[in-house]
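Report on one structure; see the data block that follows.
2 protein chains.
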Amino acid sequence: MDERLWEGNVRKVVPYTPGEQPKVLDVVKLNTNENPYPPSPLVKKALEEYDYNRMRLYPDTNSTVLVDALAEKYGVSTSEIFVGVGSDDVISMAFLTFFNSDKPIFFPDVTYSFYDVWADVYKIPYEKQPLDDNYRIVPEDYKKKNGGIIFPNPNAPTGVLESLETIEDIIKANPDVIVMIDEAYVDFGGESCIPLTKKYDNLLVIQTFSKSRSMAGMRIGYAIGNEKLIKYLNDVKFSINSYTMNPLSQICGAMAVKDDEYFMECNRKIIATREKTMERLEKLGFIFTDSKSNFIFAEHKTVDADHIFNELKNRRIFVRHWNAPRISNRLRITVGTDGEMDILITALDEIIGNYGKE
Amino acid sequence: MDERLWEGNVRKVVPYTPGEQPKVLDVVKLNTNENPYPPSPLVKKALEEYDYNRMRLYPDTNSTVLVDALAEKYGVSTSEIFVGVGSDDVISMAFLTFFNSDKPIFFPDVTYSFYDVWADVYKIPYEKQPLDDNYRIVPEDYKKKNGGIIFPNPNAPTGVLESLETIEDIIKANPDVIVMIDEAYVDFGGESCIPLTKKYDNLLVIQTFSKSRSMAGMRIGYAIGNEKLIKYLNDVKFSINSYTMNPLSQICGAMAVKDDEYFMECNRKIIATREKTMERLEKLGFIFTDSKSNFIFAEHKTVDADHIFNELKNRRIFVRHWNAPRISNRLRITVGTDGEMDILITALDEIIGNYGKE
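Just so you know, the sequences run in chain order A and B. Position 320 of the first sequence, counting from 1, maps to 1592 under this note's numbering, and the rest follow consecutively. Position 343 of the second sequence, counting from 1, maps to 1615 under this note's numbering, and the rest follow consecutively.
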């Protein structure tokens, strides 16, 4: 397309590329870390009971029903919770609100690929800190002067979990900036640092309903931190879009939180499937990190990731692969049901067995 | 609360204050321009047929079903449509994308009170252009050097409609910036400038499902413009939150668009109620603009707006009032059902009759 007169005034960015969402239904979808189990039956009930006439009204700007449920679940006050349209909305808003310094923000070189995209769109300077050879964070790297810190725990796409001691060490060294811990995958075997928010007023913990609560479609994320942080976040949110979360997400989200038993049961199943799948992958010649998430970050000893990725895709099995430094020979495989893992393992067995023979 | 060490790095803003959302149900709610009629019955059906199991999956990032329905309705290509979580989300994203100049953007002094909030949060310079004494836009004001232009048509909270000629005149004079026309209320008697997007590649038209489509709760807004504008908007959107719109909003939204007959019927009813209510208000001593929206912007000849506002509130009737220059003696009254208007008129008759006697 031609260059137009107004182009000089446009903010131009290289957008984030999300994992493929295949239009056909008969695929094994292990590429976007969705939960293989449906949401709680209480969610179904809430959906059925919703009176569609209420759609004509603006939603509750404070998402009271959802915030109340989260406050009870996590033992914090409602003034310590911020909710948004998925954790991407929450983190994006937190970048805009808290990463407002001239000094660079820090995050790992191998991590959620949205961080540098947000930094670019909001013109926030950043500096990536390299993980060590085992994909672990080097705490000393985060003790230099900076404008803020963010990393996921467990990290994505590695699945590696850092201890609360490591996190506390980093928070302590940075009292003058906000430290954000993105706990998208923490429910699959990690320990949350939410309790540390009582001790450190510069800690913001972000979680999501997209993975462990089986509600990626309903776009619900939240942040927990001291009430002053939450107030600043809400001020910015109310300066961008006062009414972000629709009533169905609010009500269904609250019901999902209330059904703690179902939640724990699904998490247990996914962890069991993950551990079993790891054993089977090991026998096929894969190496991987000790993932505490709902995905496995695997590399084959002899077969290229790129080859496996394409062969799986030919068999309608979708996993994730990045042509990025340090991880280009890795595959990120979402933990599905046991049945889905059987299909995956059978396919991998075939792909690896055939390798070099064609 | 005490000042913390990290406060210097926080983006601090004065947020937008939305109209009150009373928690109790037995009120006459004429303060946020919601539609008094429910959404199309096709929306109800779509909600009932939705399989809650699908919630576990991420939504279609392109909102294909909704964009397709809008493209058909407005006779444009799908690449000329951008959708967001309410028109606030769309406009906010458009500010960030297109108002990226050092020169001030222009909008009226009396207009939607979110424009200066967005400009502040994104650090966009702006200059308000005064409406004339009849709350009309003065086109010459918009022919000075600027970084972009936005106004609603019909304007809010005045309800005043500008002609397509006036709008075309302004667009023609500004080929080097983006001109945004916010048509939140256009379905209640205005003429849309969507056809002008074929002629001017710097025009972006924004509409919403919150008013004429009775779906404020589901948070759906959209912009129509040439495909290059839409591409830039999508690039920024995909740099902030790839998955913004949940599948229920996408499906229900598409169904609302398909039911054109129901949509036209509700609009006709609201227009008829507005005209009838204006006659009755005139008899009570009110003056008002010739509103082409679903609200009436009224001032009483002798009784203060503030007094009427509070007396209505005492009677559980909510309207909107701003303590802002040039409009502090006005009330913005949403057009509800005929029954709600009867309650309003009875109350106003009493309030005005009692005035000075207490």
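Glycine included, every Cβ here is placed at the ideal spot set by N, Cα and C.
Expected contact under 8 Å - CB spacing of residue i and residue j to nearest Å
i: A:Arg1491; j: B:Gly1489; result: That pair is no contact at about 14 Å.
i: A:Leu1556; j: A:Ile1599; result: Not a contact, Cβ separation roughly 20 Å.
i: A:Val1355; j: A:Tyr1494; result: 5 Å
i: B:Asn1474; j: B:Val1458; result: Going by Cβ atoms, the distance from B:Asn1474 to B:Val1458 rounds to 20 Å, so no, they are not a contact pair.
i: B:Phe1569; j: B:Arg1604; result: 5 Å
i: B:Pro1426; j: B:Gly1462; result: 5 Å
i: B:Lys1400; j: B:Phe1379; result: 6 Å
i: A:Val1607; j: A:Asn1582; result: Not a contact, Cβ separation roughly 22 Å.
i: A:Glu1298; j: A:Arg1588; result: For clarity, residue 1298 of chain A is Asp in the given sequence; the question names Glu instead. About 7 Å; that satisfies the 8 Å criterion.
Contact with chain A by residue i, beta-carbon distance below 8 Å
i: B:Phe1510; result: yes
i: B:Gly1419; result: yes
i: B:Asn1406; result: no
i: B:Ser1521; result: yes
i: B:Glu1306; result: yes
i: B:Gln1401; result: no
i: B:Asn1582; result: no
i: B:Tyr1384; result: no
i: B:Gln1479; result: no
i: B:Tyr1457; result: no
i: B:Tyr1504; result: yes
Among the options, the one whose alpha carbon lies nearest that of residue i
i: B:Asn1334; options: B:Cys1465, B:Val1357, B:Gly1608 and B:Ser1486; result: B:Val1357
i: A:Val1285; options: B:Asn1566, B:Arg1540, B:Met1365 and B:Phe1558; result: B:Met1365
i: A:Tyr1387; options: A:Asn1406, A:Lys1375, A:Tyr1324 and A:Phe1367; result: A:Phe1367
i: B:Ile1478; options: B:Lys1444, B:Asp1405 and B:Cys1465; result: B:Cys1465
i: A:Trp1594; options: A:Glu1275, A:Gly1291 and A:Trp1278; result: A:Gly1291
i: B:Leu1468; options: B:Asn1406, B:Ile1442 and B:Gly1461; result: B:Ile1442
i: A:Asp1332; options: A:Ser1521, A:Cys1538, A:Val1607 and A:Gly1611; result: A:Ser1521
i: B:Cys1538; options: B:Ala1456, B:Leu1476, B:Tyr1504 and B:Pro1310; result: B:Pro1310
i: B:Arg1276; options: A:Phe1535, A:Lys1530, A:Tyr1504 and A:Tyr1627; result: A:Tyr1504
i: A:Glu1455; options: A:Lys1483, A:Asp1413, A:Asn1446 and A:Lys1316; result: A:Lys1483
i: A:Thr1549; options: A:Lys1530, A:Ser1349, A:Glu1533 and A:Leu1620; result: A:Leu1620
CA-to-CA distance, residue j to residue i, given in whole angstroms
i: B:Pro1697; j: B:Glu1437; result: Any answer about residue 1697 of chain B is impossible in this case: the structure gives chain B only from 1273 up to 1630.
i: B:Glu1499; j: B:Ser1373; result: 21 Å
i: B:Gly1280; j: A:Lys1471; result: 21 Å
i: B:Gly1497; j: B:Lys1573; result: 43 Å
i: B:Arg1408; j: B:Asn1518; result: 39 Å
i: A:Lys1416; j: A:Glu1571; result: 33 Å
i: A:Glu1344; j: A:Thr1304; result: 29 Å
i: B:Val1389; j: B:Thr1289; result: 10 Å
i: A:Lys1375; j: A:Ile1421; result: 11 Å
i: B:Asp1507; j: A:Pro1429; result: 23 Å
i: A:Ile1512; j: B:Asp1360; result: 7 Å
i: B:Met1613; j: B:Phe1590; result: 12 Å
i: B:Lys1564; j: B:Leu1433; result: 6 Å
i: B:Ile1293; j: A:Asp1578; result: Checking the sequence, you will find Gln at residue 1293 of chain B rather than Ile. If you take the alpha carbons of B:Gln1293 and A:Asp1578, they lie about 53 Å apart.
i: B:Ser1351; j: B:Leu1501; result: 10 Å
Minimum Cβ-Cβ distance from residue i to chain B less than 8 Å
i: A:Trp1594; result: no
i: A:Asn1566; result: no
i: A:Val1389; result: yes
i: A:Tyr1534; result: no
i: A:Tyr1346; result: no
Contacts that residue i makes with chain A (C-beta to C-beta distance below 9 Å)
i: B:Ala1488; result: Met1327, Arg1328, Leu1329, Tyr1330, Pro1331 and Tyr1515
i: B:Ser1373; result: Gly1280 and Asn1281
i: B:Pro1290; result: Tyr1330, Thr1333, Phe1510, Ser1514 and Tyr1515
i: B:Leu1319; result: Leu1319, Tyr1322, Tyr1324, Met1327 and Leu1520
Contact set between residue i and chain B, taken where Cβ atoms lie within less than 9 Å
i: A:Asp1360; result: Ile1512, Asn1513, Ser1514, Tyr1515 and Thr1516
i: A:Phe1378; result: Those within 9 Å of A:Phe1378 in chain B number zero; the least Cβ separation is about 13 Å.
i: A:Lys1416; result: None at all; the shortest Cβ gap to chain B is about 16 Å.
Beta-carbon neighbours of residue i, restricted to chain A and to distances below 8 Å
i: B:Thr1369; result: Val1282 and Arg1283
i: B:Asp1392; result: Ser1511
i: B:Ser1364; result: Ile1512 and Asn1513
i: B:Arg1491; result: Pro1331, Tyr1515, Thr1516, Met1517 and Asn1518
i: B:Tyr1494; result: Per Cβ cutoff of 8 Å: no residues; B:Tyr1494 is ~15 Å from chain A at best.
Listed by chain order, chain B residues near residue i by CB distance under 8 Å
i: A:Tyr1309; result: Arg1328
i: A:Asn1631; result: Residue coverage of chain A in this structure runs from 1273 to 1630, which leaves residue 1631 of chain A outside it and unanswerable.
i: A:Val1357; result: Val1357, Asn1513 and Thr1516
i: A:Lys1316; result: Tyr1324
Within chain B, the residues that residue i reaches when beta carbons sit closer than 7 Å
i: A:Leu1277; result: Pro1447 and Asp1448
i: A:Pro1287; result: Asp1507, Phe1510 and Ser1511
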